[in-house]
Every structure is written in structure tokens, then in C-alpha cells.
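Numbering (this note's numbering), first residue to last: 9 to 295.
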């Protein structure tokens, strides 16, 4: 890792002379210079505090992407994202089954630049001596960059949180779902979960994307798909490495974007419902 990140870092560092080193004064609730809300405002508006931190850093990454995408070093990333944005029109149903949170999380944290393994978010992290995220913000940025979508079985609830168990790894997570969808035991969710930031204060994970609920095919069907497909993924022979690469990168850059587009069945305000298995065209309603 590092080829593109190092080049972007050098370019940004060469352009920082004369930039202000202090945050300008703002009235409470006023947008930050990048045009997005500060953490305090997000929490006051009702966002869960852990989710609010991740929203804030995601917005910061988005602003970084606006700036970095104009650099020649990032042309490869910008071209792939622009083409995918035209093709999949991310916005959420009814315009597109790809929500903005799903698409831009893929673009920022999963899409590898050129033939490297660098992501846009990794470039941002490497350039932090120019950007100056504080240690807590940098930690959240790294967790976002390390994140991936996963397929989980709903195994019940505990207080306000949903209990999800990931297929293959069998890891169980207590989850806050910002969309408000509680689901029901036995459902399969395709969702991006982000870990606790301060486990001594809050031990739950956060669903960064609206849940995609997988219909019709059961746990056995999906486990069989994952096991046969991850064999085609890059990585060591270690099963979990290939499993991670399948869920994070797919077999090609738009692999999971294509699945969501072709598998769309219906939606409601707090969840989107998909049907079919990615490598079985006959099961996909829009293949």
C-alpha cells in the first residue's frame, strides 16, 4: 500500500504554504468551512453520538475527495467513480436501489486506485500531517477505511440494539441501526457495520448503511455462495482473508454495485429488500 497515497501526499504538501493554521470563528450551528455540520450539531439533531462521529469523518473524507479528485494522481479513481455514478445513479429508491451511503462508502473505503490497494480514505490518512485530523478523528477515519459490507443473520434484540451474527466468521455484534429498522429474527442483512469508538462508554456497533434485507435465499444458500466465490478472490489461502476481500472488493470493482442493482425487489422507508444470489442470474429480478 502507498503508491498513490504517497504521491497525493507530496502534491498536497507542496500546496499548503500560506494556508490558515487556526479554525475560523463560527456561530453555534454554523456550517464548517467545508460546508458540512460539526459534531455537536449532528448530535443535537438527534444522531446517535457514535454514528455522529462517523458521519462527521465521512463528510470530511467527502470533502477531501472533492479536492483530491482534481489532482492528476487521482484521475484513475475519479474516472471509475464518475462512470459508476452515471451508471448506478446512487440516491436511494425509487431512483436507484443504491443509497448514497452505500455507494460513497464503496467509493471512499473499498475502491482501490488503479492497480494499487490504496483507497481514497487511505490517501487522506497518509496526508494527515497536512489535513490535521486530531487523534480521535484519525482513529475513526482508519476504522472507516478498514470497514466493509457484511452479510449477517438477525438473531434477536437486546434492549434498543439488534443482534447480528456474520455468516462464515460467526462473529456476533450488538448493533445500532440509524434508519430505525429493527427487522426480525432470522432475516439476513447486507450492511456495513462500524465498531465502537470508546468501548468503555458504548460497546455497540453502528450500521453505516441502510440495511439491505436479503429475501428468499436462506443462510445455507448464502454460506454456499460465499464459500465457493471467495476461492476466486485474491489473497492468501487463508479462508478469512479471501472472505474479507470478497466482501470488501468483490471479484471486480462494481461487483456488489451490480448485485444491488440487479437484486432489487422493493423498499420501505427504513430498509431495502433484495432477492437472489449474485452468481445465479436466474434468481436476480433485473439480470
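Cβ coordinates follow ideal geometry from the N, Cα and C atoms, glycine included.
- 103 is the residue among 252, 103, 213, 137 whose C-alpha sits nearest the C-alpha of residue 280.
- For the pair residue 187 and residue 56, the Cα-to-Cα distance works out to about 11 Å.
- Here residue 286 is not near residue 92, since their CB atoms are 9 Å or more apart.
- DSSP assignment within the region 92-151 yields the following whole alpha helix (DSSP H) runs of 4 residues or more, N-terminal first: 108-113, 128-134, 136-139.
- C-alpha of residue 161 to C-alpha of residue 49: approximately 34 Å in a straight line.
- About 40 Å separates the CB atoms of residue 163 and residue 123; that is not less than 8 Å, and the two are not in contact.
- DSSP places residue 161 within a strand segment (E or B) once states are collapsed to three.
- Taken in chain order, the complete beta strand (DSSP E) segments of 3 residues or longer contained in the region 190-219 are 196-202, 213-215.
- Across the structure, residue 216 and residue 59 are spaced so that their CA atoms are roughly 8 Å apart.
- Bounds of any alpha helix (DSSP H) do not take in residue 285, whose DSSP letter is neither H nor E.
- The continuous stretches of alpha helix (DSSP H) do not include residue 172, which lies in the beta strand (DSSP E) extending over residues 169-174.
- Using a Cβ distance threshold of 9 Å, residue 247 and residue 176 count as a contacting pair.
- Contact check for residue 157 against residue 199 passes: the beta carbons are separated by less than 9 Å.
- Within the DSSP secondary-structure output, residue 221 pairs in a beta bridge with 197, 281.
- Relative to residue 129, the option among 208, 165, 14, 38 whose CA is nearest is 14.
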